[in-house]
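Engineer:
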Amino acid sequence: MAKVYYNGDANEQYVQSKTVAIIGYGSQGHAHAQNLRDSGVNVIIGLRPGKSWEQAENDGFQVLPVREATRQADIVMILLPDEKQPSVYKNEIEPELEPGNALVFAHGFNIHFNQIVPPTDVDVFLVAPKGPGHLVRRTYVEGAGVPALIAVYQDVTGTAKETALAYAKAIGSARAGVLETTFKEETETDLFGEQAVLCGGLTSLVKAGFETLVEAGYQPEVAYFECLHELKLIVDLLYEGGLSWMRYSISDTAQWGDFISGPRVINASVKAEMKKVLEDIQTGKFAKGWILENQANRPEFNAINRRENEHLIEVVGRELRSMMPFVKAKQKDVVVSSAKN
Ligand SMILES: NC(=O)C1=CN([C@@H]2O[C@H](COP(=O)(O)OP(=O)(O)OC[C@H]3O[C@@H](n4cnc5c(N)ncnc54)[C@H](OP(=O)(O)O)[C@@H]3O)[C@@H](O)[C@H]2O)C=CC1
Ligand SMILES: CC[C@](O)(C(C)=O)C(=O)O
Ligand SMILES: [Mg+2]
Ligand SMILES: [Mg+2]
């Protein structure tokens, strides 16, 4: 079994003695910044003027332009959207890096696909939480944490791995488990997971189930509860105790249906398609398409996003959730956040 690092394996001194600049204050940025601060680390935020700047200041941080934050920092964590990182890096971060600084990522995309080429005199590593940023913060506050991967790309100080582990501990990840990997493995598995299983696979499965029921004449509200709302309750059981714990809790009728119908739906052809998705990631085809889509101002991304937001499952879901204050998303603007700039 792979070595899994926990709190006792990491020494927070490697980050507590440093100034960490968190560049970006979005999903991951706000979580890393707040968790690091609560772990006793000196954190500054690098941003452009705008909504996030105001938010970070309201949360009590010193906020500076990216160039200035980089200049003051020993450790620079880039938590900008992947597609924005290369130009911000080139214009505002690279000119201010000093020998011995650490350049850090939460995802290996830009290093692995050569969109950012760092100088040879800085440490380069990643600390990639295996969970959404808002949960990185929420679980930390609850005394838990989200697991993370670390990987060292360049180690000029001789302490890059210790610093990565310390950073992972300070954001709460070493409470759950930290694995060492490479930029290649993190990038390819993360892209595969989000496309084939966690995000793309899941939303397509949920919509296909919902549409099948609605097209057969069942009420959309019933289909919503069955195929989307209950999913969280089932996934909570998977998270707590794996497949067997979920199967213990459901009825034997459901378990029998799981055994005989699950493999009919997610069959060999689905797995064959997953292999093609993985191949597109490994060859760089996916990365190239995403980079070009951004250079063209996201015409396809925005069109699909608009269409998805108008899907009946979303219309019905918004209505039903408005009666369930306990499940309301805290971010009111998620539906219209397609044109991030
Ligand atoms: N989202 C997640 O949960 C996960 C993300 N990651 C990785 O973490 C990194 C960050 O992703 P994520 O947190 O989703 O990013 P977000 O889209 O949430 O980040 C947006 C932040 O970047 C700022 N920003 C955007 N453009 C600029 C710019 N030109 N100059 C300065 N600030 C800018 C925004 O500020 P403004 O308000 O001014 O627009 C905002 O604060 C990525 O590498 C991603 O792959 C890894 C694991 C999970
Ligand atoms: C699953 C999506 C993710 O990889 C994540 C939250 O881990 C991301 O890039 O946001
Ligand atoms: Mg991920
Ligand atoms: Mg990802």
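Each residue of the sequence shown is one higher than the last, beginning at 979 in the working numbering. We put the beta carbon where it would ideally sit given N, CA and C, even for glycine.
Out of curiosity, what's the CA-to-CA distance linking residue 1125 and residue 1297?
Structural biologist: 34 angstroms
Engineer: Indicate, with yes or no, if ligand 2 has a heavy atom lying under 8 angstroms from the CB of residue 1123.
Structural biologist: no
Engineer: Who pairs with residue 1056 in a beta bridge, going by DSSP?
Structural biologist: Paired residues: 1001, 1083.
Engineer: Using the C-alpha atoms, what's the distance from residue 1064 back to residue 1091?
Structural biologist: Take the alpha-carbon of residue 1091 and the one of residue 1064: they are about 11 angstroms apart.
Engineer: Counting only the same chain and skipping the five closest in sequence on each side, list residues whose C-beta sits under 7 angstroms from that of residue 1201.
Structural biologist: 1188, 1191, 1192
Engineer: Use the C-beta contact count for residue 1013: other C-beta atoms within 10 angstroms, 16 or more gives buried, fewer gives exposed.
Structural biologist: buried
Engineer: Beta-carbon distances below 5 angstroms to any heavy atom of ligand 4 define the shell here; list its residues in chain order, please.
Structural biologist: 1168, 1172
Engineer: Pull up the DSSP beta-bridge partners for residue 1021, would you.
Structural biologist: 998
Engineer: Check the DSSP bridge columns for residue 1103 and list the partner residues they point to.
Structural biologist: 1082, 1130
Engineer: Less than 8 angstroms between the CB atoms is what I'm expecting for residue 1103 and residue 1128, so what's the real figure, rounded?
Structural biologist: Yes, they are in contact, since the Cβ atoms of residue 1103 and residue 1128 sit about 7 angstroms apart, within 8 angstroms.
Engineer: Does the CB of residue 1221 have a neighbour CB from chain C at under 9 angstroms?
Structural biologist: Included in the structure is just one protein chain, with no chain C present.
Engineer: Measuring CB to CB, does residue 1140 end up less than 9 angstroms from residue 989?
Structural biologist: yes
Engineer: Would you check if the region 1131-1138 and the region 1027-1046 touch, i.e. whether three or more CB-CB distances between them fall below 8 angstroms?
Structural biologist: no
Engineer: Using a Cβ-based criterion (distance less than 8 angstroms to any ligand heavy atom), does residue 1146 qualify as near ligand 3?
Structural biologist: no
Engineer: What three-state label does DSSP hand residue 1278 in the structure shown?
Structural biologist: helix
Engineer: Restricting to Cα atoms, I'd like to know which of 1023, 1044, 1156, 1293 is closest to residue 1382.
Structural biologist: Since the first residue of the chain shown is 979 and the last is 1319, residue 1382 is not available in this structure.
Engineer: Assuming residue 1169 is part of the alpha helix (DSSP H), what are its boundary residues?
Structural biologist: 1161-1170
Engineer: In the DSSP assignment, what are the bridge partners of residue 1043?
Structural biologist: Answer by DSSP bridge pairing, in chain order: 1025.
Engineer: Helix, strand or coil: how does DSSP classify residue 1158 here?
Structural biologist: Strand, per DSSP.
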